[in-house]
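Here the structure is laid out as structure tokens; the discussion comes afterwards.
Protein chains: 4
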Amino acid sequence: MPFTQSKPLRFGDCDLTGIAYHPAYFGMLVDVNEAMFASFGVTWKALMFERRIGLPTVTLNVEFVRPSTYGDVLDFAVHVRAVGRASLDLQTVVSVRGETIWTVRQRIVATSLENHKSHPWPDDVRAGLSRYLEPSE
Amino acid sequence: MPFTQSKPLRFGDCDLTGIAYHPAYFGMLVDVNEAMFASFGVTWKALMFERRIGLPTVTLNVEFVRPSTYGDVLDFAVHVRAVGRASLDLQTVVSVRGETIWTVRQRIVATSLENHKSHPWPDDVRAGLSRYLEPSE
Amino acid sequence: MPFTQSKPLRFGDCDLTGIAYHPAYFGMLVDVNEAMFASFGVTWKALMFERRIGLPTVTLNVEFVRPSTYGDVLDFAVHVRAVGRASLDLQTVVSVRGETIWTVRQRIVATSLENHKSHPWPDDVRAGLSRYLEPSE
Amino acid sequence: MPFTQSKPLRFGDCDLTGIAYHPAYFGMLVDVNEAMFASFGVTWKALMFERRIGLPTVTLNVEFVRPSTYGDVLDFAVHVRAVGRASLDLQTVVSVRGETIWTVRQRIVATSLENHKSHPWPDDVRAGLSRYLEPSE
Numbered sequence: 035m036p037f038t039q040s041k042p043l044r045f046g047d048c049d050l051t052g053i054a055y056h057p058a059y060f061g062m063l064v065d066v067n068e069a070m071f072a073s074f075g076v077t078w079k080a081l082m083f084e085r086r087i088g089l090p091t092v093t094l095n096v097e098f099v100r101p102s103t104y105g106d107v108l109d110f111a112v113h114v115r116a117v118g119r120a121s122l123d124l125q126t127v128v129s130v131r132g133e134t135i136w137t138v139r140q141r142i143v144a145t146s147l148e149n150h151k152s153h154p155w156p157d158d159v160r161a162g163l164s165r166y167l168e169p170s171e
Numbered sequence: 035m036p037f038t039q040s041k042p043l044r045f046g047d048c049d050l051t052g053i054a055y056h057p058a059y060f061g062m063l064v065d066v067n068e069a070m071f072a073s074f075g076v077t078w079k080a081l082m083f084e085r086r087i088g089l090p091t092v093t094l095n096v097e098f099v100r101p102s103t104y105g106d107v108l109d110f111a112v113h114v115r116a117v118g119r120a121s122l123d124l125q126t127v128v129s130v131r132g133e134t135i136w137t138v139r140q141r142i143v144a145t146s147l148e149n150h151k152s153h154p155w156p157d158d159v160r161a162g163l164s165r166y167l168e169p170s171e
Numbered sequence: 035m036p037f038t039q040s041k042p043l044r045f046g047d048c049d050l051t052g053i054a055y056h057p058a059y060f061g062m063l064v065d066v067n068e069a070m071f072a073s074f075g076v077t078w079k080a081l082m083f084e085r086r087i088g089l090p091t092v093t094l095n096v097e098f099v100r101p102s103t104y105g106d107v108l109d110f111a112v113h114v115r116a117v118g119r120a121s122l123d124l125q126t127v128v129s130v131r132g133e134t135i136w137t138v139r140q141r142i143v144a145t146s147l148e149n150h151k152s153h154p155w156p157d158d159v160r161a162g163l164s165r166y167l168e169p170s171e
Numbered sequence: 035m036p037f038t039q040s041k042p043l044r045f046g047d048c049d050l051t052g053i054a055y056h057p058a059y060f061g062m063l064v065d066v067n068e069a070m071f072a073s074f075g076v077t078w079k080a081l082m083f084e085r086r087i088g089l090p091t092v093t094l095n096v097e098f099v100r101p102s103t104y105g106d107v108l109d110f111a112v113h114v115r116a117v118g119r120a121s122l123d124l125q126t127v128v129s130v131r132g133e134t135i136w137t138v139r140q141r142i143v144a145t146s147l148e149n150h151k152s153h154p155w156p157d158d159v160r161a162g163l164s165r166y167l168e169p170s171e
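Residue numbers (this note's numbering), protein chains in the order written: chain A, 35 to 171; chain B, 35 to 171; chain C, 35 to 171; chain D, 35 to 171.
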């Protein structure tokens with residue numbers, strides 16, 4: 035089952051042609067990434083500042099299928115496709131009223147903030163992510 | 035020859051782990067896209083408001099190779115890989131002191147702001163883009 | 035009674051010293067302004083695109099009392115201090131766990147998007163704003 | 035003599051009514067603040083990370099006189115009005131083609147990033163700021 039969250043397209047997220055400004059989508063994606071971790075009790079704040087683990091995104095493959103416009107509510111559905119030793123593969127589908135607006139495949143790698151090397155997922159994070167695991171066919 | 039532009043990583047572009055916040059990169063990319071058009075005398079403002087042509091990005095394939103940090107100057111090199119009837123394929127390499135930081139392959143499609151359908155490149159835009167054309171091997 | 039809304043300080047709202055980046059506060063303020071109008075049934079989208087009325091802010095007087103940090107939830111309390119012919123005076127107090135973080139006095143002027151002149155508040159907007167009216171002592 | 039810098043109003047700085055989105059102005063102001071320090075050889079990066087001094091803004095008093103629109107070049111003129119023990123009072127006038135667009139009076143307080151108390155200006159910063167000192171009449 036995917037992790038889901040809905041976010042309105044805000045006034046400041048739109049460009050002057052009246053549609054979403056694509057950089058704003060990536061700020062929303064970060065928020066949704068963070069909310070997924072919070073859903074299983076792991077705050078990014080604790081992960082970064084207490085456990086000293088950062089979560090850089092290393093790849094993003096995005097398709098913008100149709101524009102969204104001011105006033106739309108974007109429904110994010112995050113599918114966890116794979117959890118590696120230190121990596122996380124996500125596929126997120128963003129839709130409005132059931133129609134796909136944009137999709138993104140994303141790889142995140144857990145990284146030590148001390149030595150900037152990849153860092154194995156802590157057990158509680160791995161367990162939390164596994165709740166949403168839906169391998170691609 | 036690529037279109038090039040350098041942009042500093044600003045205070046507000048960094049996250050609290052001290053590295054670039056990836057959504058900020060996409061705002062920079064939009065600026066660089068716009069500057070490339072201006073380099074051959076076509077402002078986005080005139081294109082959008084006089085000729086009623088928008089330039090939505092339809093795909094982005096991004097690799098973040100290494101982080102950039104506050105104070106870095108990002109050198110953007112935009113390679114025009116193909117100019118179709120209404121499409122534009124770009125490959126942009128972003129580096130700091132000669133080291134690649136991130137890369138992105140991007141497709142833009144010229145679109146009528148009246149009917150939201152794809153719109154052939156005007157001749158002056160096609161000629162301008164062709165200056166930078168370097169087909170991939 | 036003030037209009038109230040709570041918003042988390044997001045990862046992307048913080049600067050690299052770990053506290054809120056002040057420009058991010060103003061994006062939140064716009065969101066809260068918009069939500070107050072929506073609370074009495076007037077969407078900015080309809081106001082701008084159907085009735086052709088814009089809502090530019092003309093003054094902002096801000097005091098940043100203490101910093102907020104990543105993970106804080108900001109409680110916005112918007113006090114309507116005056117509703118003029120076309121103007122709106124707001125005083126917003128933003129607090130975290132009961133402590134004031136920043137405050138702002140703001141004047142908005144309803145403006146015709148056709149001729150860029152001030153435009154009297156429509157009756158439904160005036161009635162909605164009046165619900166929150168609390169003149170300063 | 036004021037410190038001056040010009041910045042274009044970028045595509046992403048505009049809202050969907052076609053004028054500047056006011057939160058974007060504050061990101062520009064931060065950039066201009068930073069550039070003024072750099073003009074006398076003090077980078078914020080060194081100030082924050084080597085000397086552990088932050089530069090929070092504590093008050094902003096802003097008037098938006100007329101809107102700017104996409105394609106405008108904003109000319110920032112920063113007048114240093116007072117340099118106290120740890121405080122800095124700035125008055126910035128932002129104009130387009132000689133017409134004032136917005137103005138802001140701003141107080142910044144040098145603050146230790148170790149104990150979050152105010153911190154006297156280092157001598158080199160004080161000397162640099164004094165170059166631009168123009169007390170109000």
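Yeah, the Cβ is synthetic: ideal placement off N, Cα and C, and Gly gets one too.
Remember, predicted model here, so these are calculated numbers, not experimental data.
Under 7 Å by beta carbon: chain D residues contacting residue i
i, result
"F45(A)", "D49"
Simplified DSSP assignment, three categories, for residue i
i, result
"V66(D)", "helix"
"G88(B)", "strand"
"F98(D)", "strand"
"S164(A)", "helix"
"A54(C)", "strand"
"D106(D)", "coil"
"S129(C)", "strand"
"S121(B)", "strand"
Range of the contiguous alpha helix (DSSP H) that encloses residue i
i, result
"W78(A)", "78–83"
Listed by chain order, chain B residues near residue i by CB distance under 9 Å
i, result
"G52(C)", "L50"
"Y104(C)", "L50"
Check: residue i C-beta below 7 Å from any heavy atom of the ligand SAH
i, result
"F37(A)", "You won't find the ligand SAH in this model; it holds no ligand whatsoever."
Sequence-distant residues of the same chain with beta carbon closer than 7 Å to residue i, five excluded per side
i, result
"F37(D)", "M70, S73, V112, Y166"
"S129(D)", "D109, I135"
"R160(C)", "V117"
"Q39(C)", "V66, A69, F110"
"V127(A)", "A111, T134, T137"
Contact list for residue i against chain C, beta-carbon separation under 7 Å
i, result
"H56(D)", "F60, T91"
"G88(D)", "T51"
"P36(D)", "Correct list: empty, because the minimum Cβ distance to chain C is about 22 Å."
"L81(D)", "Per Cβ cutoff of 7 Å: no residues; L81(D) is ~11 Å from chain C at best."
Chain-ordered neighbours of residue i on chain A, where CB pairs are closer than 8 Å
i, result
"K41(C)", "Within chain A, no residue comes near K41(C); the closest Cβ sits about 11 Å away, beyond 8 Å."
Where residue i meets chain D, residues with beta-carbon distance less than 9 Å
i, result
"E97(C)", "V92, T93, L94"
Interface residues of chain C facing residue i [CB-CB closer than 8 Å]
i, result
"T77(A)", "G105"
"V64(A)", "R44, F45, G46"
"L147(D)", "T51"
Extent of the continuous beta strand (DSSP E) run through residue i
i, result
"E148(B)", "No beta strand (DSSP E) holds E148(B); DSSP gives it neither H nor E."
"F37(D)", "37–42"
Residues near residue i by beta carbon distance below 6 Å, same chain, minus five either side
i, result
"V180(C)", "In the structure as shown, chain C begins at 35 and stops at 171. Residue 180(C) is therefore absent and cannot be evaluated."
"T93(D)", "R141"
"I87(B)", "L81, A144, H153"
"L122(B)", "I142"
"I53(B)", "P101, T103"
Proximal residues of chain A, C-beta to C-beta of residue i below 7 Å
i, result
"E68(C)", "F45"
"P101(B)", "P90"
Chain-order list of residues whose beta-carbon lies under 8 Å from that of residue i (same chain, five-residue window excluded)
i, result
"Y55(D)", "D47, C48, D49"
"G162(A)", "F71, S73, F74, G75, V76"
"E148(A)", "R86"
"K41(D)", "M62, D65, V66, V107, L108, F110"
"P169(A)", "R115, A116"
Within-8 Å CB hit, residue i to chain G
i, result
"G75(D)", "Note that chain G does not occur in the displayed structure, where the protein chains are A, B, C and D."
**Request:** Check whether the stretch 133–143 of chain B touches the stretch 108–124 of chain B, taking contact to mean three or more Cβ pairs, one atom from each stretch, closer than 8 Å.
**Result:** With three or more CB-CB distances shorter than 8 Å, the stretch 133–143 of chain B counts as touching the stretch 108–124 of chain B.
**Asked** Counting Cβ pairs, one atom from each stretch, are 3 or more of them under 8 Å apart for the stretch 40–56 of chain C and the stretch 56–65 of chain A?
**Response** The stretch 40–56 of chain C is in contact with the stretch 56–65 of chain A.
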